[in-house]
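Take a look at the structure below.
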Amino acid sequence: KAGVTQTPRYLIKTRGQQVTLSCSPISGHRSVSWYQQTPGQGLQFLFEYFSETQRNKGNFPGRFSGRQFSNSRSEMNVSTLELGDSALYLCASSLQGPNSPLHFGNGTRLTVT
Amino acid sequence: AQSVTQLDSHVSVSEGTPVLLRCNYSSSYSPSLFWYVQHPNKGLQLLLKYTSAATLVKGINGFEAEFKKSETSFHLTKPSAHMSDAAEYFCVVSDPNAGNNRKLIWGLGTSLAVNP
Chain A
769 KAGVTQTPRY LIKTRGQQVT LSCSPISGHR SVSWYQQTPG QGLQFLFEYF
819 SETQRNKGNF PGRFSGRQFS NSRSEMNVST LELGDSALYL CASSLQGPNS
869 PLHFGNGTRL TVT
Chain B
99 AQSVTQLDSH VSVSEGTPVL LRCNYSSSYS PSLFWYVQHP NKGLQLLLKY
149 TSAATLVKGI NGFEAEFKKS ETSFHLTKPS AHMSDAAEYF CVVSDPNAGN
199 NRKLIWGLGT SLAVNP
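Order-wise, the sequence lines are chains A and B. Just remember that this note's numbering sits 768 ahead of the position in the first sequence, which is counted from 1. Just remember that this note's numbering sits 98 ahead of the position in the second sequence, which is counted from 1.
The structure is reproduced here in structure tokens:
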């Protein structure tokens with residue numbers, strides 16, 4: 769069974785630009801979560817989608833948004849990029865329920881210059 | 099409110115010696131607990147999970163963890179470290195009563211170094 773696929777793997781953008789990251793979950797998984805990981809802040813929860821609906825949202829500004837499609841694939845968008853948005857963005861898919869483990873992709877490394 | 103504390107930010111062991119990564123949690127109910135591992139430039143992988151069954155949980159790659167309610171701890175152990183165990187380890191607590199709204203609290207991680 770294919771794992772979680774995130775594209776692109778690396779991305780370099782300049783301040784003020786916007787970026788879209790993509791995540792394809794494991795087949796059959798309808799829940800997709802996004803995390804931001806930085807050395808200073810650790811792992812920070814961005815949002816979770818289930819069946820095209822945002823179910824949970826972390827404490828990030830409105831510049832960070834996401835969506836989920838009918839095939840469970842998900843995208844996240846960051847507008848008006850800031851230097852502090854440089855991070856590893858991780859996507860995880862899972863089955864429904866709080867005890868279902870998360871299956872992570874290898875992440876997208878975003879560098880903002 | 100839930101919280102999770104990984105007591106060591108860095109742990110260094112020699113190859114072949116035991117590994118102990120400590121995790122304490124705070125919860126007003128009986129939580130579900132997880133350990134994840136992240137190798138450099140990779141995503142996270144589930145090592146093991148506790149969901150109110152047996153208190154000693156065995157995971158992948160020889161790791162295990164024991165849920166101790168009286169000590170509110172869920173420490174991760176391995177009898178003999180291997181070079182490939184060098185990675186970042188995360189302890190996570192989950193509210194099992196959250197229904198469909200998953201609520202995970204992540205520890206800050208423990209970086210494990212394994213010396214030859």
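For every residue, glycine included, the Cβ atom is placed at its ideal position computed from N, Cα and C.
Here the alpha carbon of Phe165 (chain B) sits roughly 27 Å from the alpha carbon of Gln809 (chain A).
With fewer than 16 neighbouring CB atoms inside 10 Å of its own CB, His108 (chain B) falls in the exposed class.
When rounded, the separation of the alpha-carbon atoms in Ser124 (chain B) and Gln100 (chain B) is 5 Å. Nearest CB-CB separation between Pro866 (chain A) and chain B: below the 7 Å threshold. Taken atom to atom, the span from the alpha-carbon of Met181 (chain B) to that of Leu146 (chain B) is near 20 Å. Identification of chain A residues near Gln143 (chain B) by a Cβ-Cβ cut-off of 9 Å yields His871 and Phe872, ordered along the chain.
No residue range can be given for Gln809 (chain A), since it is assigned to no beta strand (DSSP E) and is classified by DSSP as neither H nor E. Under the Cβ distance rule, Ser124 (chain B) does not count among the residues neighbouring chain A, no pair being separated by less than 7 Å.
Per DSSP, His137 (chain B) lies in no beta strand (DSSP E) and is assigned neither H nor E.
When secondary structure is reduced to three states using DSSP, Gly865 (chain A) falls in the coil class, being assigned neither helix nor strand. Burial is judged here by how many other beta carbons sit within 10 angstroms of a residue's own beta carbon; Glu186 (chain B) has at least 16 and is buried.
For Leu105 (chain B), the closest Cβ of chain A is not nearer than 7 Å. The stretch 828–838 of chain A and the stretch 774–782 of chain A do not touch, with fewer than three beta-carbon pairs separated by less than 8 Å.
Of all residues in the stretch 816–840 of chain A, those with a C-beta nearer than 9 Å to a C-beta of chain B are Glu816, Phe818, Arg823 and Asn824, reading in chain order. Distance between Pro793 (chain A) and Phe832 (chain A), taken at the CA atoms: about 20 Å. If you draw a straight line from the Cα of Leu119 (chain B) to the Cα of Pro138 (chain B), it is about 18 Å long. When Cβ-Cβ separations below 7 Å define contact, Gly808 (chain A) makes no contact with chain B.
Sorting B:Ser192, B:Leu174, B:Ile158 and B:Ala151 by C-alpha distance to the C-alpha of Ser209 (chain B) places B:Leu174 at the top.
Neighbourhood of Ser128 (chain B) in chain A, by CB distance below 8 Å: empty, with the nearest CB roughly 12 Å away. Residue-level contact check: Trp133 (chain B) does not touch chain A, since none of the beta carbons of chain A fall below 7 Å from its beta carbon.
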